[in-house]
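Undergrad: Attaching a single structure in structure tokens format; questions to follow.
Numbering (my numbering), first residue to last: 88 to 406.
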């Protein structure tokens with residue numbers, strides 16, 4: 088599929104891979120409808136797109152809310168004067184709480200509702216506009232956590248992983264569903280490894296319902312507990328010290344990533360152009376995919392993680 092000049096919808100377009108997808112699409116002359124939950128992030132995306140050939144509109148959107156998804160679709164119809172779209176990138180997502188046992192249910196379900204529900208509602212909402220195009224493509228962002236439900240043996244990761252597994256299964260099932268019932272529409276699954284995005288900092292803001300970089304009292308308690316579990320004597324640290332460690336680790340996640348968001352977006356768009364349905368992003372994603380397929384029985388052992396982390400430079404278990 089040639090993405091140039093197409094009409095594209097991108098969620099999570101305020102930062103990271105979503106922003107880069109929106110900008111790189113606009114650079115081809117595409118019309119882009121960029122959705123995100125952060126007004127300030129959307130303003131920055133729009134500013135960056137100002138000199139590009141395409142047209143980019145911004146739309147405030149919580150992807151887990153069906154009424155907001157429907158409003159988003161109405162805005163796309165109105166502002167782009169169209170009854171169809173060619174590309175739907177369901178990219179929005181957050182990290183965050185992971186344990187079914189120790190994390191609050193409402194926070195666990197918030198993560199799942201965004202990471203899985205946002206994809207499902209995006210496809211459900213925009214399907215009529217996809218079918219109305221001469222050809223169209225759905226591109227759903229899962230993760231390496233869509234085939235390996237872990238960030239290591241030392242921290243629970245159930246909400247995010249369960250959601251990303253759901254995205255993977257849903258997208259693969261769509262391949263046959265679309266072939267039978269809308270053969271001019273196809274689906275692609277994106278599974279990135281460690282990409283240099285602001286997902287850690289952005290996720291805590293979404294879950295905490297704030298735009299502030301300061302941690303709330305419950306966040307400080309949780310962060311202190313995580314540090315203690317990782318071997319840090321956090322009881323002696325001030326709240327400011329804990330806050331600084333959290334900020335440093337979020338920055339380290341971005342700065343030390345083996346691949347930038349811009350590089351990841353280029354790989355994704357190249358995969359769309361080549362009609363790939365399965366797009367692994369990053370050498371670490373390819374290597375982890377090989378290891379899990381080769382040795383699924385041991386995939387959740389400490390030894391499996393440590394061996395992979397040593398080879399790939401991963402150190403996510405303490406984040």
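Glycine included, C-beta positions come from ideal geometry on N, C-alpha and C.
Give me the Cα-Cα distance between residue 162 and residue 266, rounded to the nearest whole angstrom.
TA: Taking the straight line joining both Cα atoms gives about 29 Å.
Undergrad: One question on the structure: do residue 368 and residue 344 come within less than 8 Å of each other, judged by their Cβ atoms?
TA: Cβ atoms of residue 368 and residue 344: not closer than 8 Å.
Undergrad: Can you tell me which of the three DSSP states residue 278 falls into?
TA: Strand at residue 278.
Undergrad: Taking C-beta to C-beta, are residue 98 and residue 183 nearer than 8 Å?
TA: Result no, Cβ atoms of residue 98 and residue 183 do not sit closer than 8 Å.
Undergrad: Count Cβ pairs between the segment 250-261 and the segment 191-205 that sit closer than 8 Å; are there 3 or more?
TA: Yes, they touch.
Undergrad: Who are residue 181's beta bridge partners in DSSP?
TA: According to DSSP, residue 181 bridges with nothing at all.
Undergrad: In angstroms with no decimal places, state the Cα-to-Cα distance between residue 113 and residue 346.
TA: Residue 113 and residue 346: Cα-Cα distance of roughly 22 Å.
Undergrad: Please state if the CB of residue 148 and the CB of residue 123 are separated by a distance shorter than 8 Å.
TA: Yes, they are a contact pair.
Undergrad: Please give me, in chain order, every unbroken run of the beta strand (DSSP E) with length at least 3 that falls completely inside the segment 314-369.
TA: Qualifying beta strand (DSSP E) stretches, in chain order: 365-368.
Undergrad: How many Å lie between residue 101 and residue 133 at the Cα?
TA: Approximately 9 Å between the Cα atoms of the pair.
Undergrad: Answer with yes or no whether the minimum CB distance from residue 241 to chain C is below 8 Å.
TA: Protein chains in the displayed structure number just one, and chain C is not present.
Undergrad: I'd like to check one pair, residue 277 with residue 227: are the Cβ atoms closer than 8 Å?
TA: Yes, Cβ-Cβ distance for residue 227 and residue 277 is below 8 Å.
Undergrad: Return helix, strand or coil for residue 140, following the three-state DSSP convention.
TA: If DSSP states are grouped into helix, strand and coil, residue 140 belongs with coil.
Undergrad: Over what stretch of residues does the beta strand (DSSP E) that includes residue 205 continue unbroken?
TA: Not the beta strand (DSSP E): residue 205 falls in the alpha helix (DSSP H), residues 205-218.
Undergrad: Is the beta carbon of residue 172 sitting closer than 8 Å to the one on residue 220?
TA: Yes. Within cutoff.
Undergrad: Take every Cβ of the segment 383-393, pair it with every Cβ of the segment 236-251, and state whether three or more of those distances are shorter than 8 Å.
TA: The segment 383-393 vs the segment 236-251: in contact.
Undergrad: When burial is assigned at 16 or more other CB atoms within 10 Å of the CB, is residue 92 buried or exposed?
TA: Counting Cβ neighbours within 10 Å, residue 92 comes out exposed, since fewer than 16 surround it.
Undergrad: Helix, strand or coil for residue 124 per DSSP?
TA: If DSSP states are grouped into helix, strand and coil, residue 124 belongs with coil.
Undergrad: Got a sec? Which residues, its chain only, sit under 7 Å from residue 233 by beta carbon, not counting five neighbours each side?
TA: Correct list, in chain order: 251, 252, 254, 255, 278.
Undergrad: Which whole-angstrom value is the C-beta distance of residue 146 and residue 128, which I expect to be below 8 Å?
TA: With 8 Å as the limit, residue 146 and residue 128 do not qualify as a contact, their Cβ atoms being about 12 Å apart.
Undergrad: Would you decide whether residue 296 is buried or exposed? Buried here means 16 or more other CB atoms lie within 10 Å of its CB.
TA: It counts as exposed.
Undergrad: Excluding five sequence neighbours on each side, which residues of the same chain lie with their C-beta closer than 7 Å to the C-beta of residue 159?
TA: So the list reads 122, 146, 148, once near-sequence residues are dropped.
Undergrad: Please state the DSSP three-state secondary structure of residue 167.
TA: Three-state DSSP puts residue 167 in coil, outside helix and strand.
Undergrad: Mapping the DSSP letters down to three states, classify residue 176 as helix, strand or coil.
TA: Strand at residue 176.
Undergrad: To which residues of the same chain is residue 178 closer than 7 Å at the C-beta, ignoring the five residues directly before and after it?
TA: Within the same chain, residue 178 has close Cβ partners 97, 98, 99, 104, 105, 108, 228.
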